[in-house]
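Numbering (this note's numbering), first residue to last: 9 to 124.
Note that beta-carbon positions come from the ideal geometry of N, C-alpha and C, so glycine has one too.
The structure displayed is predicted, hence computed values, not measured ones.
Here the structure comes first, spelled out in C-alpha cells, and everything after it is commentary.
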DNA sequence: GGAATGACGATAA
DNA sequence: ATTATCGCCATTC
C-alpha cells in the first residue's frame, strides 16, 4: 500500500504528558522518583523526554519529588524544592542535606501503568 | 535531513 | 565530589 502511516498525532504527545503528570501526582510525600525511573515505568520515551515535559507542564504536580539519578534537586528551583523536602521529612544526604537519599526515598508505584 | 537543544544517565578521569 | 564525553529520545531550527 502507499500512504505512509507516520503522522505524529498531537494526541499521542498529550497522552504521554498526562501519563507522566498523573504518575508524579501519585508520589507520596517524603518519597521521590527519578526521571529515568518514570520513563522506565511508562515503558516509552526516555529520561530526557520526561525532563523536558516536567519543565513545561510540571507546574501543577509535586515536581520537587522528581529528582535526577543522583538525587540532585531540580535545577533553578533547588531552594524551593529543598524547603519542601525538609517540610516533608524526605531522607536527605550530603553535607548540607541537599540531595535526596534515593536508597531510602525512591518510590515505585504499587500497580502497573494504566494500560493505554 | 542535519545540527542544536534539553528539569537525563552512565562512565571515565 | 566535579568535570567531560557520549548515548538516548524528541522537538525545533
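As a quick exercise: from the options, pick the residue whose alpha carbon is nearest that of residue i.
i, options, result
"residue 117", "42, 25, 55 and 19", "42"
"residue 49", "72, 103, 65 and 30", "30"
"residue 77", "54, 19 and 25", "54"
With 16 as the cutoff for other CB atoms within 10 Å, does residue i come out buried or exposed?
i, result
"residue 21", "exposed"
"residue 91", "exposed"
"residue 66", "buried"
"residue 73", "buried"
"residue 89", "buried"
Residues in its own chain within less than 6 Å of residue i by CB, not counting five upstream and five downstream?
i, result
"residue 113", "39, 40, 98 and 99"
"residue 82", "89"
Skipping 5 residues on each side, what residues in its chain have a beta carbon closer than 7 Å to that of residue i?
i, result
"residue 115", "35, 36, 39, 40 and 41"
"residue 80", "107"
"residue 105", "none"
"residue 10", "Because residue 10 carries a pLDDT of 49, less than 50, the predicted location of this residue cannot be relied on, and the following value inherits that uncertainty. No residues qualify anywhere along the chain."
"residue 57", "47"
For the putative contact between residue i and residue j, defined by C-beta atoms under 8 Å, what is the C-beta separation to the nearest angstrom?
i, j, result
"residue 109", "residue 101", "4 Å"
"residue 119", "residue 70", "At roughly 19 Å, the Cβ-Cβ gap does not stay under 8 Å, so residue 119 and residue 70 are not in contact."
Excluding sequence positions up to five away, which residues of its chain have a Cβ less than 8 Å from the Cβ of residue i?
i, result
"residue 124", "Low local confidence applies: a pLDDT of 49 at residue 124 is under 50, so the model's placement there is unreliable, with the coordinate-based value given in what follows. These residues qualify, in order along the chain: 23 and 27."
"residue 19", "none"
"residue 45", "114 and 116"
"residue 52", "24"
Validate contact between the region 61–68 and the region 90–98 using beta carbons, cut 8 Å, 3 pairs: no
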